[in-house]
Amino acid sequence: MALANYSLEQIFQILILPAVWVTLRMVFLSGIFATILGFVIGIVLVLTEKGGLCENIVVNRILDVIVNVVRSFPFIILMISIIPFTRLIVGTSIGETAALVPLTVAAAPFIGRIIQNALKEVNPELIEAAQSFGASKAQIMFRVMLKEAVPAIVSGITLAIINLLSCTAMAGAVGAGGLGAVALTYGYQNFNETIMYSICVILVILVAIFQYLGDFLYKKLK
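Sequential numbering of the sequence shown, starting at 193, is according to the numbering used here.
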């Protein structure tokens, strides 16, 4: 697309605004998938740890190692290294849909750690009181521990969503679309500083919005 004859307003409408929606879709969908997987990871880690409600050191150690290994990869390397897995899941390794796989894989362990740490911060006396009243393990986990940990979980997931936003920008470098692809293709490679800095401003605004919403929910739930 030749941009020389277009005004900034036209470039925004034709190029940047559609990229914003693509980025938001990737963040929203991968955030949902990663949060679901993260909840499973975090709950299993807490339940199976030493002294946990369903203590199982073998399961805990295996899952703990997997989480640490996945979290140790920079996103761009992780995205490239799991291309065969991405193709297996969605049938392609390029595009918005394909980007959801590495985004979810990268974010799920991070969210799992957030949930694990939030659950471990719950006052042990509350758990002991629930046990003394004959509450089941499921009731203790979902009605006591999770309920008490919700504010901290919301705060942590906010950070994870912001991190996902930065990952979508990197995903754009390998054909995922969105703001990252526009910044690279039409900004950096075409030496168009207007597009580059416009996208930087948009990303800053999106981060500020996500952080505000997260802080608002945290204060409401605290």
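A virtual CB, placed ideally from N, CA and C, is assigned to each residue, including glycine.
- Taking a contact as a CB-CB distance under 8 Å, the pair L357 and V399 counts as one, their CB atoms being some 6 Å apart.
- Rounded to the nearest whole angstrom, the C-alpha separation of L280 and T215 is 23 Å.
- Residue state for L245 is assigned as coil, using DSSP reduced to three classes.
- Using a Cβ distance threshold of 9 Å, A310 and I345 count as a contacting pair.
- If the five residues before and after V293 are omitted, its C-beta is found closer than 8 Å to the C-beta atoms of I274, F277, T278, I281, V282, all from its own chain and listed in chain order.
- The C-alpha of G243 is placed about 34 Å away from the C-alpha of I354.
- Note on the stretch 247 to 294: whole alpha helix (DSSP H) runs with a minimum of 4 residues are 249 to 264, 267 to 273, 275 to 282, in chain order.
- Annotated three-state conformation of F204 is helix, per DSSP.
- Excluding five sequence positions before and after S285, the CB atoms of its chain that fall closer than 7 Å to its own CB belong to I275, T278, R279, given in chain order.
- Under the three-state reduction of DSSP output, A327 falls in the coil class, being neither helix nor strand.
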